[in-house]
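Same order as they appear, the protein sequences are chains A and B. Residue numbering for the first sequence follows UniProt numbering, starting at 1 and increasing by one per position. Residue numbering for the second sequence follows UniProt numbering, starting at 1 and increasing by one per position. Glycine included, C-beta positions come from ideal geometry on N, C-alpha and C. Structure record follows, encoded as structure tokens.
2 protein chains.
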Amino acid sequence: MEEIDRRIVTLLARDGRMSFTDLARETGLSVSAVHQRVRRLEKRGVVRGYAAIIDHDAVGLPLTAFVSIKPIDPAAPDDAPERLAHLSAIEACHSVAGDESYILKVRVASPVALEDLLQQIRASANVSTRTTVVLSTPYEHRAPELAPSEEAGEPETRQDGIA
Amino acid sequence: MEEIDRRIVTLLARDGRMSFTDLARETGLSVSAVHQRVRRLEKRGVVRGYAAIIDHDAVGLPLTAFVSIKPIDPAAPDDAPERLAHLSAIEACHSVAGDESYILKVRVASPVALEDLLQQIRASANVSTRTTVVLSTPYEHRAPELAPSEEAGEPETRQDGIA
DNA sequence: CGTGAAACCGGTTCAAA
DNA sequence: TTTGAACCGGTTTCACG
Chain A
1 MEEIDRRIVT LLARDGRMSF TDLARETGLS VSAVHQRVRR LEKRGVVRGY AAIIDHDAVG
61 LPLTAFVSIK PIDPAAPDDA PERLAHLSAI EACHSVAGDE SYILKVRVAS PVALEDLLQQ
121 IRASANVSTR TTVVLSTPYE HRAPELAPSE EAGEPETRQD GIA
Chain B
1 MEEIDRRIVT LLARDGRMSF TDLARETGLS VSAVHQRVRR LEKRGVVRGY AAIIDHDAVG
61 LPLTAFVSIK PIDPAAPDDA PERLAHLSAI EACHSVAGDE SYILKVRVAS PVALEDLLQQ
121 IRASANVSTR TTVVLSTPYE HRAPELAPSE EAGEPETRQD GIA
């Protein structure tokens, strides 16, 4: 991926609703050229979607926490992510290296709601939990700076699955 | 905040580019009514912005990690977030309860880049670091389910009778 | 892969209730 | 606060370089 695409991705990461007209001006391309590039980036999966960034305090979910989980039975098949997917309070699930197997990011309404969620997590995935409560968030959702690195990451992203 | 606004926020959280026409159909309101509500939500800060969700692998930043930091001198003023803000590899910074003071979420191109970043973090904020590498991410950026809970911001009657 | 122009559709404003 | 209508601008497609 080269310069202009990186530029477009960066701009959209910072403002997911930027118009093609503005993107065109910022990149020096015509509107239809940018349009074509954005569609291609979406199709390739470089741009996976768009989301509104919401204020969780304003929306009744002021408590954020990181929940690290560890299987109670290390021999059992590890399907924790699927088992936990139904819990909508879980915003993200990362498999990690280290003592624990996953780190979950959760958003709840209150300490009691967190307590309840932890029980559900333990029951649903047969895991033990270790919770780190977030006190405040100086910043979040910052867009990365896409350096002019060479051939970015992946060899090819195919939608058709043909090797 | 009531029903329809919650609905709008949820929809926009899932698709930040959903058109007002579609939002109108989903909510049963007219286009201009939804338009007005969205603008109001933006102005109130409930909707803080919009962002494209990008595939970090495809963009040359395949390595994600959580970096917990702890001040070397616990007596020194804690201005780590500001001191680290210039490092664009840091996507988020959360102040947390527990043994460490902040959890950083970082995205880098390689293990070497991570090593370099950790040095910059330690040097910039005078902290020690503990890093947890992300191996894979089953899911991320999931939109919360906004329950008909009470209001967030203005007073509201409580069921438990606590004033 | 780029372009400009045309057609289309969504975004935006407005007066009215 | 909601609504429909009118207006304007962005989106999308197209034929072509």
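Which residues of chain A have a Cβ atom closer than 8 Å to the Cβ of T21 of chain B, listed in chain order? Indexing the second sequence from 1 puts residue 21 of chain B at position 21. Here the premise fails: no neighbours, minimum Cβ distance about 15 Å.
Margin query: So with CB distances below 9 Å, who are the chain B contacts of D15 of chain A?
Written below: Along the first sequence, one-based indexing puts residue 15 of chain A at 15. Within chain B, the residues near D15 of chain A are G49, Y50, A51 and A52.
Nearest-angstrom Cβ-Cβ length linking V67 of chain A and T129 of chain A, presumed shorter than 8 Å = Sequence index remark: in the first sequence, residue 67 of chain A carries index 67 (1-based). Sequence index remark: in the first sequence, residue 129 of chain A carries index 129 (1-based). Rounded, the Cβ-Cβ distance is 5 Å, consistent with contact.
message = Let's see if you can read the secondary structure: which residues bound the beta strand (DSSP E) around I90 of chain A?
response = Your numbering for residue 90 of chain A matches position 90 in the first sequence. Looking at the DSSP string, the run of the beta strand (DSSP E) that includes I90 of chain A is I90 to V96.
C-alpha distance - T27 of chain A paired with A33 of chain A, whole-angstrom precision | The sequence position of residue 27 of chain A within the first sequence is 27, counting from 1. The sequence position of residue 33 of chain A within the first sequence is 33, counting from 1. The straight-line gap from Cα to Cα measures roughly 10 Å.
Can you pull the chain B residues whose beta carbon is under 9 Å from the beta carbon of A89 of chain A, in chain order? In the first sequence, residue 89 of chain A corresponds to position 89, counting from 1. Those are P144 and E145, listed as they occur along chain B.
* Using Cβ-Cβ distances below 8 Å, what residues of the stretch 55-72 of chain A are close to chain B? -> D55, H56, D57, A58, V59, G60, L61, P62, T64 and F66
Using a beta-carbon distance below 8 Å, is H141 of chain A in contact with chain B?
Along the first sequence, one-based indexing puts residue 141 of chain A at 141. Yes, H141 of chain A counts as interfacial toward chain B.
Taking Q120 of chain B as the reference, which of B:R39, B:L12, B:H86 and B:T64 has the closest Cα? In the second sequence, the residue the question calls residue 120 of chain B occupies position 120. The shortest C-alpha separation from Q120 of chain B is found at B:H86.
What does DSSP give as the partner residues of L104 of chain B in its beta bridges?
Walking along the second sequence from the start, residue 104 of chain B turns up at place 104. Bridge partners of L104 of chain B: B:V67 and B:C93.
*Span of the alpha helix (DSSP H), counted from its first residue to its last, around P81 of chain B*: The residue given as residue 81 of chain B occupies position 81 in the second sequence. Per DSSP, P81 of chain B belongs to the alpha helix (DSSP H) from A80 to L84.
>> Give me, in chain order, the residues of the same chain whose beta-carbon lies closer than 7 Å to that of A125 of chain A; leave out the 5 immediate sequence neighbours on both sides.
In response: The sequence position of residue 125 of chain A within the first sequence is 125, counting from 1. The residues are I69, A80, R83 and L84.
Is R142 of chain B near the ligand MN, with its Cβ less than 7 Å from a heavy atom? As presented, the structure is devoid of all ligands, the ligand MN included, so that no description of it is given.
- Task: Would you please verify whether the beta carbon of residue 230 of chain B is less than 8 Å from any beta carbon of chain A?
- Result: For chain B, the structure presents residues 1 to 163; residue 230 of chain B sits outside this window and is missing.
Residue interval of the alpha helix (DSSP H) (run including A147 of chain A): Locating residue 147 of chain A in the first sequence gives position 147, counting from the first residue. Taken as a continuous stretch (DSSP letters only), A147 of chain A belongs to no alpha helix (DSSP H), as it is neither H nor E.
**Message:** In the DSSP output, what is R130 of chain A paired with across the bridge?
**Reply:** Mapped onto the first sequence, residue 130 of chain A falls at position 130. BP columns for R130 of chain A point to A:S68.
Does the beta-carbon distance from residue 168 of chain B to V46 of chain A come in below 8 Å?
Residue numbering for chain B in the displayed model covers 1 to 163; residue 168 of chain B lies beyond these limits and cannot be assessed.
Discussion item. Assuming contact is defined by CB atoms lying nearer than 8 Å, are S136 of chain B and S95 of chain A in contact in what I supplied?
Written reply: On the second sequence, position 136 is the one that residue 136 of chain B refers to. On the first sequence, position 95 is the one that residue 95 of chain A refers to. A contact, by the Cβ cut-off of 8 Å.
Practice prompt. Rank B:I4, B:C93, B:A65 and B:V31 by C-alpha distance to the C-alpha of E115 of chain B and give the top, closest one.
Written response: Position 115 of the second sequence holds residue 115 of chain B. Measuring from the Cα of E115 of chain B, the nearest candidate turns out to be B:A65.
- [ ] Note down the Cα distance separating A76 of chain B from V127 of chain B, rounded to an integer number of angstroms.
- [x] Taking the second sequence and counting its residues from 1, the one referred to as residue 76 of chain B is at position 76. Taking the second sequence and counting its residues from 1, the one referred to as residue 127 of chain B is at position 127. The alpha-carbon atoms of A76 of chain B and V127 of chain B are separated by roughly 11 Å.
Identity of the residues DSSP links to residue 232 of chain B by a beta bridge
Absent from the structure is residue 232 of chain B, since the part of chain B shown begins at 1 and ends at 163.
_Taking 8 Å as the threshold (C-beta atoms), are S19 of chain B and L63 of chain B in contact?_
Numbered from its first residue, the second sequence carries residue 63 of chain B at position 63. Numbered from its first residue, the second sequence carries residue 19 of chain B at position 19. Not in contact: L63 of chain B and S19 of chain B (Cβ atoms no closer than 8 Å).
Do I90 of chain A and V112 of chain A have their C-beta atoms closer together than 8 Å?
-> Counting from one through the first sequence, the residue named residue 90 of chain A turns up at place 90. Counting from one through the first sequence, the residue named residue 112 of chain A turns up at place 112. Cβ distance not < 8 Å, so I90 of chain A and V112 of chain A don't count as in contact.
Three-state secondary structure (DSSP) of L23 of chain B:
Taking the first residue of the second sequence as 1, we reach residue 23 of chain B at position 23. DSSP places L23 of chain B in helix when its eight states are reduced to three.
- Exposed or buried, which one is R25 of chain A when buried takes at least 16 other CB atoms within 10 Å? Counted from its first residue, the first sequence places residue 25 of chain A at position 25. Looking at its Cβ environment, which holds fewer than 16 other Cβ atoms inside 10 Å, R25 of chain A is exposed.
- Message: Taking CB distances under 8 Å as the criterion, tell me whether residue 233 of chain A reaches chain B.
- Response: Outside the modelled stretch of chain A, which goes from 1 to 163, sits residue 233 of chain A, for which no answer is possible.
Subject >> Residues near T131 of chain B by beta carbon distance below 6 Å, same chain, minus five either side >> reply: For the purposes of this step, residue 131 of chain B is identified with residue 131 of the second sequence, where counting begins at 1. A65 and V67.
key: Members of the stretch 94-116 of chain A that neighbour chain B once the beta carbon cut-off is set at 7 Å   = H94, S95, V96, A97, G98, I103, R107 and A109
Item checked: Identified DSSP bridge partners for S136 of chain B -> For the purposes of this step, residue 136 of chain B is taken as the residue at position 136 of the second sequence. S136 of chain B is bridged to A:S95.
**Asked** Going by Cα to Cα distance, which pick from A:I53, A:L12, A:E145 and A:D57 is closest to residue 177 of chain A?
**Response** Absent from the model: residue 177 of chain A. The displayed extent of chain A is 1 to 163, so no value can be given.
ask   = So what does DSSP say about A75 of chain A, is it helix, strand or coil?
value = In the first sequence, counting from the first residue as 1, residue 75 of chain A sits at position 75. Residue state, collapsed to three classes: coil.
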